[in-house]
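Order-wise, the sequence lines are chains A and B. The first sequence begins at 510 in my numbering and counts up by one. The second sequence begins at 510 in my numbering and counts up by one.
Number of protein chains: 2
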Amino acid sequence: MEAAEARRRIADSRVARLATVGDDGRPHIVPIVFALDGDKLYFAVDAKPKRTANLKRLKNIAANASVSVLVDHYEKDWTRLWWVRADGTARIVTDDTETHRAIELLTRRYPRYREARPPGPVVAIHIHRLSGWSAEP
Amino acid sequence: MEAAEARRRIADSRVARLATVGDDGRPHIVPIVFALDGDKLYFAVDAKPKRTANLKRLKNIAANASVSVLVDHYEKDWTRLWWVRADGTARIVTDDTETHRAIELLTRRYPRYREARPPGPVVAIHIHRLSGWSAEP
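As structure tokens, then:
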């Protein structure tokens, strides 16, 4: 799949899955909502009840910045399957201006974030590689 | 989420995402179709055109058996979101009887596999931990 098409499909998707790696070498995977900004992908820790603010995904990113993000489409008709993966490096955003901008992008995309702005922190993923597969030629 | 409920939600899902870790410590993520058998989850390398039979997911599993599998539900109404994660250990199945049984389970679940049985190899994931989250109380 061409990079431009892969990018378009990520931009059109409302949910992705984030894989990180713990300092024990084990993978961890969670769904995320996100916003694209150039070659960066942002997500925020939101206000859903979480056991702890020290989330596993953040702990993993602090220990190992390599992440992989997947969007995919599934249906019974397997000729219509596709997926796009963005591999990159994550960092927890500490700059207030960048945090504000990322949360603006997220609230534009997700109406629910307008009602309850995510407190953060925000994570920025710098996409180094986009790859994709589609069953349709 | 209770383990029984988490298990039911995985069993009712048709697609999951598999995260593995490469020998370079980077995560890798792909969608999979799968079948459950007790505390094992099976998937097969299928006949879709792949660049190489030596797939990254298999190479990663050979180097690091720790895997994480996610099923999730997304919709605009965020009060209906949920996800379930199965963390475990993967192995490439080498026993013919187990391969046959796994492919039987997969073909029962996916009509497309009846038309084109996956050649394999089959991977077995032994689930060590099931966890889940639901926005609905």
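No residue lacks a Cβ here, since even glycine has one placed at the ideal position from N, Cα and C. The structure presented is a predicted model; accordingly, all values stated were derived computationally and were not measured.
Residues bridged to Trp642(A) [DSSP beta-bridge criterion]: Answer is Trp592(A), bridged to Trp642(A).
Residue of Asp521(B), Trp642(B), Met510(B) and Pro536(B) minimising C-alpha distance to Val568(B): It should be noted that the sequence gives Lys, not Val, for residue 568(B). With distances taken between Cα atoms, Lys568(B) lies closest to Pro536(B).
Chain A contact for Val554(B) (CB, 9 Å cutoff): no
Asp581(A), buried or exposed, once every other Cβ within 10 Å from all chains shown has been counted against 16: By the 10 Å Cβ count, Asp581(A) comes out buried.
Chain-ordered neighbours of Ala633(B) on chain A, where CB pairs are closer than 9 Å: Simply none; closest approach about 17 Å.
Cβ distance (whole Å) where Leu550(B) is taken to contact Ile634(B) below 8 Å: In this structure Leu550(B) touches Ile634(B) by the C-beta definition: roughly 4 Å separates them, less than 8 Å.
Ser577(A) classed as buried or exposed, judged by whether at least 16 other C-beta atoms fall within 10 angstroms: buried
Residues from the stretch 604-616 of chain A in contact with chain D, defined by Cβ distance under 9 Å: In the displayed structure, chain D is absent; the protein chains listed are A and B.
Min CB distance Pro540(B) to chain A below 9 Å: Yes, Pro540(B) counts as interfacial toward chain A.
At least three beta-carbon pairs within less than 8 Å, the stretch 600-615 of chain A to the stretch 624-642 of chain A: yes
Reduced DSSP secondary structure (H/G/I, E/B, other) of Tyr583(B): Coil.
Same chain, Cβ closer than 7 Å to Tyr622(A), five either side skipped, listed in chain order: Leu615 and Thr616
Alpha-carbon to alpha-carbon, Tyr619(B) and Ser575(A): 34 Å
Cβ of Lys585(B) within 9 Å of any chain A Cβ: So yes, Lys585(B) belongs to the interface.
For Glu624(B) and Ile570(A), the rounded distance between their alpha carbons: Cα to Cα, the separation comes out at about 42 Å.
Rounded straight-line distance, which links the Cα of Leu579(A) to that of Trp592(A): For Trp592(A) and Leu579(A), the distance between alpha carbons rounds to 7 Å.
Contact with chain B by Leu590(A), beta-carbon distance below 9 Å: Interface residue, yes.
Spatial neighbours of Ser643(B) in its chain, beta-carbon cut-off 6 Å, leaving aside the 5 residues before and after: Met510 and Trp591
DSSP three-state assignment for Arg600(B), whether helix, strand or coil: strand
Where the beta strand (DSSP E) through Tyr622(B) begins and ends: Looking at the DSSP string, Tyr622(B) is not in any beta strand (DSSP E); the run it does join, the alpha helix (DSSP H), is Pro620 to Glu624.
DSSP state of Leu614(B) mapped onto helix, strand, coil: helix
Enclosing alpha helix (DSSP H) for Leu567(A) [first to last residue]: Lys565 to Ala572
Environment of Thr529(A) [buried if 16+ CB atoms lie within 10 Å]: buried
Given Arg526(A) as reference, the closest of Lys585(B), Leu639(B) and Ile538(B) once Cα atoms are compared: Ile538(B)
Of the listed residues Pro540(A), Leu545(A), Gly534(A) and Glu607(A), nearest to Arg516(A) (C-alpha basis): Leu545(A)
Chain-ordered neighbours of Ser575(B) on chain A, where CB pairs are closer than 7 Å: Ser575(B) reaches chain A at Gly534, Arg535 and Pro536, counting residues in chain order whose Cβ is nearer than 7 Å.
Chain-ordered neighbours of Arg621(A) on chain B, where CB pairs are closer than 7 Å: Trp587
Cβ distance (whole Å) where Ile612(B) is taken to contact Ala520(B) below 8 Å: That belief does not hold up - the Cβ atoms of Ile612(B) and Ala520(B) are roughly 18 Å apart, past 8 Å.
DSSP beta-bridge partners of Thr529(B): His537(B)
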